[in-house]
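Engineer: Residue numbers (our numbering): 9 to 261. Below are the structure tokens for one structure; questions will follow.
Dropping the structure here:
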């Protein structure tokens, strides 16, 4: 509408020039017909050029207005999409934080188990020392019994039977003590074997848990580092891989 009014104004201006300006009818009538015809032709060409320029400007203005509207709609759509991405990233960040806290708690528990493994190793060392002590006592008792038997055989051969009952009583006591020590040794031996097997199994589990804890630390560090500025698709892929690794670790223990 504004451009159409502008064109009407140009037409009116041209008409005014014809009536009142340098190209007024009175002045034209005072000139020769050839000059008047040439002047009118120039004026018509000039008006035609101005009209074409105005129409070109109108079309350009309409094109720019259309482009501006498209761009404005693109900006609105982009802002909506960015808001959705921010919301999604916030949800992913929250879920990632929960998973990281859970993994850190599992690492803390595993580290506590690993520290308790030191106490298990000390207990295992004490068990070995106790087994060695029992073996030494058994060897000493066996040697005493052998010496007592030799002494009895000597007394029997020499015919001195005065202290024989005492030696027999002592020998019987030594045999009973040997039997008790042997029973205790066998019991301790079986118990120690079971404890050693359990402790070895626990030691292997602790080694495995230590490796898994180190891997979890690396996963947590990577997740925290990458979650700072990743695009939506890469972050979603990372969270999926991290969640699958977490499930594999959790159900694998």
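No residue lacks a Cβ here, since even glycine has one placed at the ideal position from N, Cα and C.
(1) Here's the rule I'm using: 16 or more other beta-carbon atoms within 10 Å means buried, otherwise exposed. How should residue 50 be labelled?
(2) Roughly how many whole angstroms lie between the Cα atoms of residue 186 and residue 146?
(3) With distance defined between alpha-carbon atoms, name the residue in 122, 129 and 126 nearest to residue 222.
(4) Using the Cβ count rule (16 or more neighbours within 10 Å means buried), how would you classify residue 117?
(5) Give a yes or no on whether the C-beta atoms belonging to residue 135 and residue 192 are separated by under 7 angstroms.
(6) Am I right that residue 194 and residue 139 are in contact with their C-beta atoms under 8 angstroms? What's the rounded C-beta distance?
(7) Can you grab the Cα-Cα spacing for the pair residue 61 / residue 100, in whole Å?
(8) Below 6 angstroms CB to CB, which residues in the same chain sit around residue 29 once its five sequence neighbours on both sides are set aside?
(9) Ignore the nearest five residues each way along the sequence and tell me which others in residue 91's own chain have a CB closer than 8 angstroms to its CB.
(10) Alpha carbon to alpha carbon, how far is residue 156 from residue 209? Give it in angstroms, no decimals.
(11) What do you reckon, are the CB atoms on residue 224 and residue 111 nearer than 7 angstroms?
(12) For a quick check, are the C-beta atoms of residue 189 and residue 153 less than 7 angstroms apart?
(13) Measure the alpha-carbon distance for residue 206 versus residue 107 and round it to whole angstroms.
(14) Within 7 angstroms of any Cβ in chain D, is that where the Cβ of residue 181 sits?
(15) Between the alpha carbons of residue 212 and residue 218, how many angstroms are there, rounded?
(16) Please report the distance separating the alpha-carbon of residue 69 from that of residue 81.
(17) Rounded to a whole number of angstroms, what is the C-alpha to C-alpha distance between residue 63 and residue 73?
(18) Quick one: residues in its chain with C-beta nearer than 7 angstroms to the C-beta of residue 120, no 5 flanking neighbours on either side, listed in chain order?
(19) Report the option in 66, 53, 115 and 45 whose CA atom is closest to the CA atom of residue 220.
Structural biologist: The relevant details are as follows:
(1) Counting from one through the chain shown, the residue named residue 50 turns up at place 42. Residue 50 comes out exposed.
(2) In the chain shown, counting from the first residue as 1, residue 186 sits at position 178. In the chain shown, counting from the first residue as 1, residue 146 sits at position 138. The straight-line gap from Cα to Cα measures roughly 7 angstroms.
(3) Against the chain shown, residue 222 aligns to sequence position 214. That would be 122, whose Cα lies nearest to the Cα of residue 222.
(4) Along the chain shown, one-based indexing puts residue 117 at 109. Its Cβ having fewer than 16 others within 10 Å, residue 117 is exposed.
(5) Indexing the chain shown from 1 puts residue 135 at position 127. Indexing the chain shown from 1 puts residue 192 at position 184. Taking 7 angstroms as the Cβ cut-off, residue 135 and residue 192 do not qualify as a contacting pair.
(6) Taking the first residue of the chain shown as 1, we reach residue 194 at position 186. Taking the first residue of the chain shown as 1, we reach residue 139 at position 131. With 8 angstroms as the limit, residue 194 and residue 139 do not qualify as a contact, their Cβ atoms being about 11 angstroms apart.
(7) Within the chain shown, the letter at position 53 stands for residue 61. Within the chain shown, the letter at position 92 stands for residue 100. For residue 61 and residue 100, the distance between alpha carbons rounds to 57 angstroms.
(8) Translated into the one-based positions of the chain shown, residue 29 becomes position 21. Residue confidence is low: residue 29 scores 44 on pLDDT, short of 50, so the model does not pin down where it sits. Its coordinate-derived value is still stated next. Within the same chain, residue 29 has no close Cβ partners at all.
(9) Start at 1 with the first residue of the chain shown, and residue 91 comes out as number 83. Correct list: empty, nothing qualifies.
(10) Within the chain shown, residue 209 is the residue found at index 201, counting from 1. Within the chain shown, residue 156 is the residue found at index 148, counting from 1. The straight-line gap from Cα to Cα measures roughly 45 angstroms.
(11) For the purposes of this step, residue 224 is taken as the residue at position 216 of the chain shown. For the purposes of this step, residue 111 is taken as the residue at position 103 of the chain shown. Cβ atoms of residue 224 and residue 111: closer than 7 angstroms.
(12) Your numbering for residue 189 matches position 181 in the chain shown. Your numbering for residue 153 matches position 145 in the chain shown. Taking 7 angstroms as the Cβ cut-off, residue 189 and residue 153 do not qualify as a contacting pair.
(13) Here residue 206 refers to the residue found at position 198 of the chain shown. Here residue 107 refers to the residue found at position 99 of the chain shown. Approximately 32 angstroms between the Cα atoms of the pair.
(14) Judged by its chain identifiers, the structure shown contains no chain D, having just a single protein chain.
(15) Taking the chain shown and counting its residues from 1, the one referred to as residue 212 is at position 204. Taking the chain shown and counting its residues from 1, the one referred to as residue 218 is at position 210. Rounded to whole angstroms, residue 212 to residue 218 spans 10 angstroms at the Cα level.
(16) Walking along the chain shown from the start, residue 69 turns up at place 61. Walking along the chain shown from the start, residue 81 turns up at place 73. Each residue's Cα considered, the two are about 18 angstroms apart.
(17) By one-based count along the chain shown, residue 63 stands at place 55. By one-based count along the chain shown, residue 73 stands at place 65. In a straight line, the C-alpha of residue 63 is about 15 angstroms away from that of residue 73.
(18) Counting from one through the chain shown, the residue named residue 120 turns up at place 112. So the list is empty, once near-sequence residues are dropped.
(19) What you label residue 220 is simply residue 212 of the chain shown in a count that begins at 1. Considering only alpha carbons, the answer is 115.
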